[in-house]
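Undergrad: Residue numbers are given in this note's numbering: position 370 of the sequence shown equals residue 380, and the series is strictly consecutive.
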Amino acid sequence: MKRRNFFKNTLAGGALLGGAGIGASSCGTQQQAQAPEPRVYTKQPRKMVQIQENGKYDYLLKGGHVIDPKNNINSPMDVAVAGGKIALVGKDIPATDAKRTFDVSGLHVTPGLIDIHVHCFHTFNVLKGVRSVNAEDLCLPYGVTTTVDVGTSGAESFEDFKKLIDISRVRVLALLNIAAPGMTESEQDPRTFKVEPMVRLAKKYPETIVGFKTAHYMTRGNLDKSHPPWASIDALIEAGEKANLPVMIHSEPRTPSDGFPERSFRELVMEKMRPGDIHTHIFAPAYHVGEYMGEQGRINPDMIKAQERGVIFDVGHGAGSCTFRNAVPAIQQGFVPNSISTDLYGANSSSVVLNMINVMSKFLNMGLSLEQIIRLSTINPANEINRPELGHLSVGSIADIAVIEQRKGNFTYCDIRGGVIRGDKLIQCVLTFFGGRPIFDPYGFNSLLWDDNPKDSPYWKSPNEQYW
Ligand SMILES: [Zn+2]
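1. Enumerate in chain order the residues of its own chain whose CB-to-CB distance from S472 is below 7 angstroms, with the five nearest sequence positions on each side excluded.
2. Confirm, please, whether the CB-CB distance from F444 to T157 is below 7 angstroms.
3. What are the uninterrupted segments assigned as beta strand (DSSP E) that are 3 or more residues long and contained completely in the segment 122-200, given in chain order?
4. On the CB-based measure, 16 or more other CB atoms within 10 Å of its CB, does S361 come out buried or exposed?
5. Among Q54, K101 and A105, which has the Cα closest to the Cα of E63?
6. Classify N64 as helix, strand or coil using the three-state DSSP reduction.
7. Which of the three DSSP states, helix, strand or coil, is assigned to D462?
8. Measuring alpha carbon to alpha carbon, tell me which residue in N463, S457, L354 and S331 is nearest G429.
9. Restricting to Cα atoms, I'd like to know which of N84, S115, S85 and V119 is closest to I96.
10. Considering just the uninterrupted stretch of the beta strand (DSSP E) at D312, what are its terminal residues?
11. Among V76, D466, K80 and V91, which residue has its Cα nearest to the Cα of K66?
12. Closest to I219 by C-alpha separation, out of G192, G122 and L183, would be which residue?
13. Taking 8 angstroms as the threshold, find out whether the segment 304-318 comes into contact with the segment 398-413 through three or more Cβ pairs.
14. From W494 to C130, what does the alpha carbon distance come to, in whole angstroms?
15. I'd like the list of long-range same chain contacts for P263, defined as Cβ closer than 7 angstroms, with 5 residues on each side in sequence excluded.
16. Given the structure, does D159 come close to ligand 1, in the sense that its CB is under 6 angstroms from one of the ligand's heavy atoms?
17. Taking 7 angstroms as the cut-off, decide whether the C-beta atoms of G250 and F222 are in contact.
18. If you run the structure through DSSP and keep just helix, strand and coil, what is R276?
19. Skipping 5 residues on each side, what residues in its chain have a beta carbon closer than 8 angstroms to that of S196?
20. Looking at G153 and A412, is the spacing between their C-beta atoms short of 7 angstroms?
21. Does the segment 278-290 come close enough to the segment 322-340 that 3 or more CB-CB pairs lie under 8 angstroms?
22. Answer with buried or exposed for P271, where buried requires no fewer than 16 other C-beta atoms within 10 angstroms of its C-beta.
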């Protein structure tokens with residue numbers, strides 16, 4: 011079937027089919043006519059962890075299929091971990107070399123995922139119903155080991171955010187908002203766009219601050235002398251140049267008004283943005299087909315030209331920023347975003363975004379391959395934030411690992427406007443390593459069957475020793 015017909019037949023309007031199946035998301039639901047299946051699927055019953063006293067590796071993930079796009083690996087391989095690092099990736103690594111061996115047959119082993127667009131600090135006005143998310147809760151269960159808060163904090167609020175970052179169990183990095191208070195009404199006020207304080211902070215915390223961000227500036231309202239069309243972007247890029255860091259931009263085109271010329275997509279991506287700068291929300295409805303995609307649904311040649319000159323196009327799904335009407339034709343015509351990200355904040359973690367791996371599933375069902383969506387969620391975003399040590403399984407790199415399962419079936423996914431696609435694939439995370447330890451393991455890859463626990467082990471201890 012030609013791709014165009016495939017999409018025509020798979021696009022469907024209306025409500026979701028069925029309710030949430032076991033282990034399935036509300037927007038990636040399996041039709042209820044099918045019986046619920048167990049949450050972790052392998053063709054054979056999975057072997058329990060093999061344990062031995064000695065072994066040069068701390069952990070061995072055995073029998074899986076490794077996808078590591080940076081190293082061009084997409085084949086059956088075992089992965090050994092020692093001292094928090096990747097020790098070896100190869101075929102048939104013996105279990106006798108490891109203290110603990112996990113059976114991951116039937117599963118995919120990938121680098122820990124990197125989500126470069128979330129909001130996990132709290133400068134929003136919570137009493138107006140806008141919340142951020144807890145990064146740990148929405149990263150580790152979905153294979154995400156590195157996440158980037160984009161502009162929720164600014165130069166005046168970052169030090170408070172840093173206290174949260176320091177106690178987080180997941181790697182949290184940050185883009186500072188050009189508005190010094192952070193993601194508040196100040197985003198509309200150029201008087202709060204303070205370049206020097208953010209450059210100073212970026213130099214003070216180079217391990218955490220990976221760039222700068224502007225969002226929402228004058229997407230509505232009248233432009234005037236106090237609100238010129240490019241104020242936030244010009245200040246942002248000045249800061250990026252001074253700190254030698256990339257910037258992320260959420261901007262929307264403006265037609266000429268109030269004596270100001272057009273703020274055009276072409277000028278933004280072909281002149282203002284530097285190679286390496288990131289345009290997020292690339293499939294948002296604000297960028298209608300006629301503006302972003304050109305006439306008659308053809309992709310705007312400026313998108314291709316800008317990508318060729320090094321501008322980065324990021325998904326940033328959010329509750330308002332990804333429609334299939336924009337994404338499906340773009341992908342059909344060969345445009346692939348540089349990175350997949352969620353734009354997670356309070357409301358969308360329980361509506362259309364849910365988590366990183368749900369957004370990845372959507373792009374898998376729009377026609378990208380599993381290897382492509384892993385690339386767009388590992389090494390590509392790592393390079394975009396200048397952290398090339400992350401996002402791959404090279405020997406000696408930090409052992410951040412996601413073990414995921416690709417399920418086949420009949421699934422539906424919805425976009426932010428209630429448009430639906432059908433698809434035959436759904437991916438789920440079943441195990442996450444962070445820094446060499448299995449930190450998310452609810453299915454017990456690192457555990458024994460309950461009555462196989464040795465009788466002298468803590469498992470059988472009396473309840474006066476509490477485990478919380
Ligand atoms: Zn956002």
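Even glycine gets a Cβ: it sits at the ideal position worked out from N, Cα and C.
Being a predicted model, the structure only gives us computed values, none of them experimental.
TA: On the basis of the coordinates in this document:
1. none
2. no
3. 123-128, 154-164 and 181-187
4. exposed
5. A105
6. coil
7. helix
8. S331
9. V119
10. Looking at the DSSP string, D312 is not in any beta strand (DSSP E); the run it does join, the alpha helix (DSSP H), is P311 to E318.
11. Ranking the options by Cα distance to K66, first place goes to V91.
12. L183
13. no
14. No statement about residue 494 is possible, as the shown extent of the chain runs from 11 to 478 and does not include it.
15. R273, S274, F275 and E301
16. Flag unset: Cβ of D159 not near ligand 1.
17. yes
18. helix
19. G164, A189, A190 and T202
20. yes
21. yes
22. Result: exposed.
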